[in-house]
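A.B. asks: Heads up: the sequence shown begins at 3 in my numbering, then just goes up one per residue.
Attaching a single structure in structure tokens format; questions to follow.
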Amino acid sequence: MVKTTVPMAAPETRVRLASTGPVVETLVRVRFAETDAMGVVYHANYLVWFEVGRAAYWHALALSAENGEADAGTFAVAAAEVHYHMPARYGDQVLVSTWVREVRSRSLTFGYECLRQADGLRLATGQTTHVRLDAAGHACCLPQPLRRALLGQRL
């Protein structure tokens, strides 16, 4: 089990292997500030949890957003997609699973699943696509060591 400290995160993060490669699981507790007047999690907060999961994934790969320029390069979010299945509420513990869905020459796509820990109910699923940028802000290729790490050959 890998323990990480991620902003807003999770008391616990762990890595498990699936047939598609490593899956990083991060536990987050719904804060009151993340809920709306109806008492459910505001829809955009799922994207924040995706970011928490993605940061934990980078950390598990021994990379981080803070030193991304040195290790992986800078990534820009090119697309984000969330499918809502059931609402989360204040105090719920949500298990955010993060994995790499696709690695292309200049981009990568992460997949996400959010489950309520108490009953395993699927709350949301989604994906984000990220394009690697060089120092001038132009799309550039992922280096081979990073591609191998993202494809699950290291973790």
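For each residue, glycine too, the CB sits at the ideal point set by N, CA and C.
Using 10 angstroms around the beta-carbon of D94, count the other beta-carbons present and answer buried if the total reaches 16, otherwise exposed.
C.D. replies: Residue numbering aside, residue 94 sits at position 92 when the sequence shown is read from its first letter. That one is buried.
A.B. asks: Determine the extent of the alpha helix (DSSP H) in which L148 is found, giving its start and end residues.
C.D. replies: Working through the sequence shown from its first residue, we reach residue 148 at position 146. Counting along the chain, the alpha helix (DSSP H) containing L148 begins and ends at Q146 to R150.
A.B. asks: Does the beta carbon of W101 fall short of 7 angstroms from some heavy atom of the ligand FAD?
C.D. replies: In terms of ligand content, the structure shown is empty, and the ligand FAD therefore cannot be addressed.
A.B. asks: Could you give the DSSP three-state label for L125: helix, strand or coil?
C.D. replies: If you number the sequence shown from 1, residue 125 lands on position 123. Looking at L125 - three-state DSSP - the assignment turns out to be strand.
A.B. asks: Among the candidates A64, M88 and D38, whose CA atom is the shortest distance from the CA of E115?
C.D. replies: Taking the first residue of the sequence shown as 1, we reach residue 115 at position 113. When each option's Cα is compared against that of E115, the closest is M88.
A.B. asks: Which residues does DSSP list as the beta-bridge partners of Y114?
C.D. replies: For the purposes of this step, residue 114 is taken as residue 112 along the sequence shown, with counting starting at 1. Within the DSSP secondary-structure output, Y114 pairs in a beta bridge with T100 and G128.
A.B. asks: Could you name the residues of the same chain whose beta carbon sits closer than 6 angstroms to that of G75, not counting the 5 residues immediately before and after it, in chain order?
C.D. replies: If you number the sequence shown from 1, residue 75 lands on position 73. R134.
A.B. asks: Under 6 angstroms Cβ to Cβ from A81, same chain only, skipping five residues before and after it: list those, please.
C.D. replies: As a first step, residue 81 must be located in the sequence shown, where it is residue number 79. Correct list, in chain order: T131.
A.B. asks: Using a Cβ distance threshold of 8 angstroms, determine whether the segment 99-115 contacts the segment 35-45, with at least three qualifying pairs required.
C.D. replies: no
A.B. asks: Can the beta-carbon of A78 be found closer than 8 angstroms to that of R108?
C.D. replies: The residue you call residue 78 lines up with position 76 of the sequence shown. The residue you call residue 108 lines up with position 106 of the sequence shown. No, the pair does not count as a contact, with Cβ atoms beyond the cut-off.
A.B. asks: Who pairs with V84 in a beta bridge, going by DSSP?
C.D. replies: In the sequence shown, residue 84 corresponds to position 82, counting from 1. Looking at the DSSP assignment, V84 forms a beta bridge with G128.
A.B. asks: Give the single residue among V26, G41, R124 and L110 whose Cα lies nearest to the Cα of A57.
C.D. replies: By one-based count along the sequence shown, residue 57 stands at place 55. Closest by alpha carbon: V26.
A.B. asks: Who are the near neighbours of V149 in its chain, counting only those whose CB is closer than 7 angstroms to its CB and skipping five residues on each side?
C.D. replies: Walking along the sequence shown from the start, residue 149 turns up at place 147. Here residue 149 turns out to be Arg, not Val, going by the sequence shown. Excluding sequence neighbours, R149 sits near V105.
A.B. asks: Reducing DSSP to helix, strand and coil, say where L49 ends up.
C.D. replies: The residue given as residue 49 occupies position 47 in the sequence shown. Of the three classes helix, strand and coil, the one that applies to L49 here is helix, per DSSP.
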